[in-house]
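First residue of the sequence shown? That's 113 in the working numbering, and the numbers climb one at a time after it. Positions of the beta carbon are idealized from the N, C-alpha and C atoms, including for glycine. Below is one structure, written out as C-alpha cells; the observations come after it.
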Amino acid sequence: MGGPTRLLKYINSLIALTLLVLLAATYWFVYRALPQTSGEIPAPVSARVTITRDSRGVPHVRAATEADLFFAQGFVTAQDRLFQLDFTRRRASGELAEVAGPVGLESDYESRRLRMRRLAEAYAARLPAADRDSFAAYARGVNHFLETHAGRLPAEFAGLNYDPAPWSVRDSVLVALEMFRSMTQGHQLEIARWDMLSGGADPAKVALLFPSRTGLEPAPGSNAWVISGRHTASGKPLLASDPHLRLTLPNIWHQVYLEAPGIKVAGVALPGLPGVAIGHNDRIAWGITNLGYDVQDLYAFPANAGTNAQDREIIRVRGAEVPVQLNVPLTPRGPVFLAEGRTAFALRWVAAELPDLPYPIVQLNKAANWEQFRDALRRLPGPGFNFVYADVDGNIGYQVAGWLPIRSNTDGTSPINAVQAANDGWNGLIPFDDLPSIFNPPSGRLVTANQNPFPQDYRYPVNGNFASHFRATQIHTRLHSRPKWDVAGFQQLQADNYSAFDHHLAARLARAAQGRSSLAFAAKLLAAWNGQMEAHRPEPLITQLAFVEFRKILAEAAAPGKTARYRGHMTIGVVDYFLRRQPPGWVPNYEEALAQALKGALAAGEKRFGPDVAKWQYGRYNFVSLKHPAAGDIPLVGGFFRIDAMLPGGLAAINQNIEGVGPSMRMVADLGDWDGSSLVLPTGQSGLLLSSHFKDQWSTYAAGRSFPLSFNRLPGGSTLTLRPR
C-alpha cells in the first residue's frame, strides 16, 4: 500500500507545485501590470494632478494646466490601454509582422502602399503649434508610464517578447491617419465594380448596382440625433450618439473626464489622441456619424507601364532571417495600391494630399457656442463626419465637416480608367461654408444616420457611400411618436431592433410563396412577423438569408459568374429599390425570383442550422466573438478574454449590429442636467487581462442599458496624485 500512497503524494505535490508556478507567473506577468490607482507618484508636472477612478475604472483627471492635463491623459491611457496603443501604431505604420510574424504581412503591405508612416512623419513636422503642444504633452505622459513601469508592462509584451518603443508626436498622427483610413474605404467598392464590369457584364446594370449618390448604399454606420427643449421633459435639448464601428476587445474608445483652467469635458477619446472625441463640456454637447463621402479614387493603367519613382519599404518579420522588401511604384495619381492581372491601380486619397493635418478636437472641447463649434470644425481635415450639436441655451444644430474633393466630372463618380486627362481630376476642396449646415430647424429635430445630406441641386458633384433611409426614417418616426422625451427614452430608442426593410421583404417573400407547399411554413412565419430583429427568432434569419439569395440573382443578371464580388452593406438599399420599383430586363418575373430566393434561403439555412425552421435563431447567424488580439485564442484560458454572443439588430435597424460591426458606445447628453447624461461601452474601460474592468460593461450594454456620465457631481473612488518631482 505504501507505493500507491507515495505515488498519490507525489502527484499531489506536483499539482501543487504547478499551481504555485502558474500563480507566480500570473502575478509576475499579469497582476503586476494592473494600474496604480491610489497614493502619490512623482511626475514631470508643474503642479499636483489628481486622477480619481470611479466604480467602472473611468479616470477623472484634474490638473492646473492644459499641458499637465494632456500629460495625465497620456499616462492614464497607457495605464489602461498600452498594448492597444502599440498595436494601433504598428498597424498604421506597417510594422505588425515585426512582432506577429508572417500573419501580419498583408496588413503591413497595405499600410506601406498607403505610405502611412511617411505621411505621418511629414504631417508631424508641419503640425500647428498648439496641436503639437497637445500631442507632445500626451506623448510625455505615455512615456512617463513606460519609464516608471519597466519590467511591469502588460502581459502581451512578455508573451510576444518585446518592449514598446517610446511614444512620439508622429505616433499620435499615425493614430489619426488610421481612423481616417478606417472611415474612408471607397476604393473597395471601386475594385468590386471594376471586376464585375469585366467578362461580358452589362455596364448599365452594373452601374445600377453601384449607385453613386442616391442613398441606396448603407455602409456600416452610426446614429446621432438631437431634439430641442420643446420635445423634452426638462425643457432643454437632448442629444444621442452611438457610432457604429467594428466591435473589439478592448473597445476602440477610452472614456475619460478632463478638467483644467479653460477646459472641462467628458466623453470618449481615441487611445493615442488627446482630448475627447465625442461628449460634452459645460456648455455644449456633440455627436458624430460617418459622412461616407468618397475621398478616394482609383486609376487603372497597364501593369507594365512603369513609373519613374518608387518607395523602397523594408519590413522586418518575426522569425525570418532577412526582412521583406516591398517596392511601391509612385504615379502622378498616387502610389500603386494593387495589381490584378495586367492592370495596376493607383490610389488617390485626400489624406495623402493635405497641406497639413490639423487636430481641432482640443479646440472643439473648449467651444462654448455654435460659432466656436463651427470654427473648430473648419479645421477638421477628415474623415468626413456629420456632427449634431446642442447647447445649454437651447440651440441645436447639424454640420458636415471634413475636407472633401471637388471632382471634375459632373456626376461626381470616381473614374477607374487609364491615367487620364486633367478634366478627370479634382478641382480643390469644397469650402466649409458650402457644406450642409442647419441651425435651430423649425421642427426642433435633427437626425443623422449616414444618409445623404447633400441636396439634389447641390452646387458640387457628389459621390459617396451613403446609407439608405431606413434608420433615419425609423428614428424620425419614433421621435414623433411621443410628445416629450427623456434620457431613458433615448436609451430605449438606441436599442430599437425594428427593421422596416426586413419587414417589407418578409411580406414580399410570404406573398411570393403562396401556393408552394415546400415554402408554406416559412411563409406563415414571415406573414405574421412584426419586423423585430430579435436574436432568438427564426424570421429575421430567413429574411437575411433570402436577401443574400435575391442579391445573387441581381448580380448574376448584371455580371454572370461574378455574384461573389457583389456583397457587403451597401447592397441592402439596392435590393430595396428592386423590390419596390421592379425595373424590367433583370428577371422574367419578380415574384418567381423572390420565391427562388426564399427556396435558396431555406436550403442554405438547413445546411447551417438544421431542418427545423421553427428552431432557427437569428443570433446564431448574427453572432459576434470579441477576442483580445493576443490572448483570446489561448487554449483553456482564452474564453476568459473573449465575449461570444448572439446579437439582435441588423443593417436597417437603429441597433445596427451585423458581421461584428455595432454601436461602439452609446451616449445620451442631457443639456438640462449634465449628471443625468449616460454613456456605456460595449466591453470595459481597461485592456488589461486581469482587470475587473476588462469586460464589466458588456451585460449592461447588451441589455440596452447604460451608466451615468458623471460631470459636476464627480463620483467618489480611489485617487492617484501625480506630484511635481
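Distance, residue j Cα to residue i Cα
i, j, result
"Ser818", "Thr812", "6 angstroms"
"Leu272", "Asp245", "33 angstroms"
"Asn439", "Ser798", "39 angstroms"
"Ala715", "Ala647", "20 angstroms"
"Pro652", "Ala634", "11 angstroms"
"Met186", "Leu793", "At residue 186 the sequence reads Gly, which differs from the Met that was named. The straight-line gap from Cα to Cα measures roughly 20 angstroms."
"Arg825", "Leu637", "51 angstroms"
"Arg174", "Leu181", "7 angstroms"
"Ala331", "Ala179", "Bear in mind that the predicted position of Ala331 carries a pLDDT of just 47, short of 50, making it unreliable; the figure below should be weighed with that in mind. Their Cα atoms are separated by approximately 38 angstroms."
"Val462", "Pro444", "14 angstroms"
"Ser205", "His356", "24 angstroms"
"Phe544", "Ser353", "23 angstroms"
"Val436", "Asp314", "41 angstroms"
"Pro493", "Val736", "33 angstroms"
"Leu783", "Ala502", "8 angstroms"
"Gln191", "His581", "42 angstroms"
"Arg837", "Gly151", "15 angstroms"
"Asn564", "Ile518", "16 angstroms"
"Ala765", "Ala579", "12 angstroms"
"Trp728", "Thr589", "30 angstroms"
"Ser803", "Lys348", "38 angstroms"
"Ala249", "Phe183", "5 angstroms"
"Ile163", "Lys478", "21 angstroms"
"Tyr471", "Ala513", "13 angstroms"
"Ser830", "Arg165", "6 angstroms"
"Thr326", "Gly446", "Summary for Thr326: the model assigns pLDDT 46, below 50, so the residue's position carries little reliability, and this model does not support an answer."
"Glu704", "Arg693", "16 angstroms"
"Val287", "Gln511", "24 angstroms"
"His172", "Lys317", "55 angstroms"
Expected contact under 8 angstroms - CB spacing of residue i and residue j to nearest Å
i, j, result
"Asn562", "Ser334", "6 angstroms"
"Thr550", "Phe485", "Note that residue 550 is Ile in the sequence shown, not Thr. That pair is no contact at about 13 angstroms."
"Leu208", "Gly216", "3 angstroms"
"Gly772", "Leu359", "6 angstroms"
"Ser340", "Gly556", "4 angstroms"
"Ser219", "Arg203", "6 angstroms"
"Ile755", "Leu361", "6 angstroms"
"Phe753", "His740", "4 angstroms"
Residue j beta carbon less than 9 angstroms from that of residue i
i, j, result
"Thr655", "Ala667", "no"
"Val500", "Gly399", "yes"
"Leu800", "Pro266", "yes"
"Trp515", "Leu476", "no"
"Arg168", "Gln809", "yes"
"Gln422", "Val170", "no"
"Leu370", "Met291", "no"
"Asp406", "Gly576", "yes"
"Ala670", "Val699", "no"
"His343", "Pro595", "yes"
"Asn402", "Phe497", "yes"
"Phe602", "Leu350", "yes"
"Ala757", "Ala815", "no"
"Val380", "Met779", "yes"
"Phe457", "Ala464", "no"
"Arg491", "Tyr411", "no"
"Phe269", "Pro276", "yes"
Residue i, enclosing beta strand (DSSP E) - first and last residue
i, result
"Thr455", "Thr455 to Trp461"
"Arg293", "Not the beta strand (DSSP E): Arg293 falls in the alpha helix (DSSP H), residues Val281 to Met295."
"His648", "Neither: His648 is in no beta strand (DSSP E) and is coded neither H nor E."
"Asn477", "Where Asn477 is concerned, there is no enclosing beta strand (DSSP E), although the alpha helix (DSSP H) it sits in stretches over Ile473 to Lys478."
Cβ shell of residue i (< 6 angstroms), same chain only, five flanking positions each side left out
i, result
"Ala534", "Summary for Ala534: the model assigns pLDDT 36, below 50, so the residue's position carries little reliability, and this model does not support an answer."
"Leu605", "Arg590"
Unbroken alpha helix (DSSP H) run spanning residue i, endpoints
i, result
"Arg168", "Per DSSP, Arg168 belongs to no alpha helix (DSSP H) and is neither H nor E."
"Pro741", "Neither: Pro741 is in no alpha helix (DSSP H) and is coded neither H nor E."
"Gln603", "Val599 to Gln606"
"Ile364", "Careful: Ile364 lies outside any alpha helix (DSSP H) and carries neither H nor E."
"Pro315", "Pro315 to Leu321"
"His588", "Phe582 to Leu591"
"Ser549", "No alpha helix (DSSP H) holds Ser549; the beta strand (DSSP E) holding it covers Ser549 to Phe551."
Own chain partners of residue i with C-beta closer than 8 angstroms, once the 5 adjacent residues on each side are dropped
i, result
"Gly643", "Tyr610, Ser611, Ala612, Asp614, His615 and Ala618"
"Arg571", "Asp546"
Own chain, CB closer than 7 angstroms to residue i, minus 5 neighbours either side, in chain order
i, result
"Arg430", "Ala209, Glu210, Val211, Ala212 and Gly213"
"Leu706", "Arg620, Leu621, Ala624 and Phe662"
"Leu657", "Ala713, Ala716 and Gly717"
"Leu328", "Caution is warranted here: a pLDDT of 45 is assigned to Leu328, below 50, making its placement in the model unreliable, and no coordinate value can be reported."
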